[in-house]
DNA sequence: CTGGTCATGTGGTCACTACCAGTTACATTA
DNA sequence: TAATGTAACTGGTAGTGACCACATGACCAG
């Protein structure tokens, strides 16, 4: 990783600067709560305009690496987990972070016409068909969640079993294969009790408490992309989220 | 609400412009998915520099009102609920949004030395005292949640019963009385079963499933401000969150 | 009809300049 | 000594001017 700005590089200078600063933070060269050089100082250090400096800093502030105090300076945030929600809402990434080995059993992968309620959530007209994926999610080989996804894909956009088995991450497929980059999501969580069928799949007793998550995922342009329902085993799962203003 | 830029107004021009555009979106003058005037057009319409225009638009994009497409234009997002998480994580605001009448029974308000685990979450040294608030939260008169807050306040910073009863919102007190503006939070949610004591307070049967939320709230400077534990009645509460990248 | 080229409009990046608004330390003053 | 001003920082707002990257539609050559 370079520590200087390359003006001939295709990547924008503000981005190069942000990378340099982020690296210095991650490596501990810039200590938490300590001030980074002022904008005027950075100007002469890297021979960039203040506009560019501020753009870089602004990005790092957005990402939670820095915080500013008017009249005092710009400071390094004490590092929290600090992971994007994409990684948090992705089941597989999520499990890895908890130190568990992710696994899955794909129970279904097909095109269906879902219930009116789901179509409405996806803002599709009645009778539209979507791609439905049903999976049992495993952590260290034990069932942890029962996940059913409904994807608003055109009939010519196919997801194959191979895709799913290769990555395990739906979001990676969406971005790499269809250029769909999720940017927002609405999610609800509530408590429910396992039906006999669900209990069998999750290897628990019927009536055991479950955590039910329903999420609608939106693309950059605010188009609903996915409706997903996940039933988590209440005894083996803790939902985590990081909220930013 | 004015629809022009007042250069003598103390509020920044980019903010004035953002307000004007937001208003036009909310009133429907700018339709969802339609393009707003280009940056060069806005320049001549409002007699502002492109810098200022872009600052205004950037803010609205951050807030989810607009989205940009390079080479095509800037467009109005289809309006979702679009509420800040502050309002969502505030119990009282939250209930109002669901059309319920919020209420509370204050069971305790005192300074205590909490458990080491809570002190650690608040990044305080062992033996530190914090302000503890225990409340039963009501919706339309019925118990919905059991909330215990631990606030990292100095011994000279006092919250009174009157404060709490006046607003019901802790976050309003934090900002208005102590100039503490929460900006981020870590939250976990899991399923648990009601102890006899909890069951009594929530007016349910012991062993009934509950939604347990634990949250650590951070100020602008990433200092932990509040540790709060909420037990929600599983049968009467649905947790909602909006995730943004 | 197909595929390329090009002009034009869009947002994206960047430099330079100026002044405003908080914060702090320190010298000055009452 | 205590209050107060002030200079020298910090980040915040704003204008101007330039060029780049991407999207689109009109046009032309095959």
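Residue numbers (our numbering), protein chains in the order written: chain A, -11 to 233; chain B, -11 to 233. Each residue gets a CB set at the ideal place from its N, CA and C atoms; glycine is no exception.
In the DSSP assignment, find the beta strand (DSSP E) that holds residue 134 of chain B and state where it starts and stops. 130 to 139
So if DSSP puts residue 91 of chain A in a beta bridge, which residue, or which two residues, is it bridged to? A/126
Does the CB of residue 175 of chain B have a neighbour CB from chain A at under 8 Å? yes
Starting from residue 84 of chain A, follow the alpha helix (DSSP H) in both directions and report where the run begins and ends. 79 to 85
Between the CA atoms of residue 182 of chain A and residue 130 of chain A - distance to the nearest angstrom: 17 Å
Could you tell me the alpha carbon to alpha carbon distance between residue 70 of chain A and residue 52 of chain A, rounded to whole angstroms? A caution first: residue 70 of chain A carries a pLDDT of 47, below 50, which makes its placement in the model unreliable, though a value can still be read off. Going by the C-alpha atoms only, they are around 7 Å apart.
Using a Cβ-Cβ cutoff of 7 Å, what residues of the region 53 to 67 of chain A are near chain B? List them in chain order. 55, 65, 66
Quick one: what does DSSP say residue 160 of chain B is sitting in, helix, strand or coil? helix
Keeping to the same chain, check which residues put their C-beta closer than 7 Å to that of residue 115 of chain B; ignore five residues upstream and five downstream. 101
Residue 154 of chain A - containing alpha helix (DSSP H), residue span: 149 to 155
Under 9 Å from the C-beta of residue 232 of chain B: neighbouring residues of chain A: 73, 171, 172, 173, 232
Less than 8 Å between the CB atoms is what I'm expecting for residue 133 of chain B and residue 218 of chain B, so what's the real figure, rounded? 5 Å
Segment limits, alpha helix (DSSP H) that includes residue 187 of chain B: 184 to 190
Contact set between the region 95 to 124 of chain A and chain B, restricted to residues whose Cβ is under 7 Å from the partner: none
Could you tell me whether the Cβ of residue 216 of chain A comes closer than 8 Å to any Cβ of chain B? no
Take residue 222 of chain A and list the residues in its own chain whose beta-carbon comes closer than 8 Å to its own, dropping the five residues that flank it on each side. 179, 196, 197, 198, 199
Would you list the residues sitting across from residue 121 of chain B in a DSSP beta bridge? B/97, B/137
Would you mind reading off the limits of the beta strand (DSSP E) that contains residue 196 of chain B? Taken as a continuous stretch (DSSP letters only), residue 196 of chain B belongs to no beta strand (DSSP E), as it is neither H nor E.
Report the neighbours of residue 210 of chain B on chain A: residues whose CB is nearer than 7 Å to its CB, in chain order. 55, 65, 66
For a contact defined as C-beta to C-beta under 8 Å, what are the partners of residue 226 of chain A on chain B? 176, 177, 178
For the region 203 to 218 of chain B against the region 149 to 164 of chain A, do three or more pairs of beta-carbon atoms, one drawn from each stretch, fall closer than 8 Å, so that the two count as touching? no
Within 10 angstroms of the Cβ of residue 22 of chain A, are there 16 or more other Cβ atoms? Answer buried if so, exposed if not. exposed
Among B/66, B/59, B/144, which one has its Cα closest to the Cα of residue 16 of chain B? B/66
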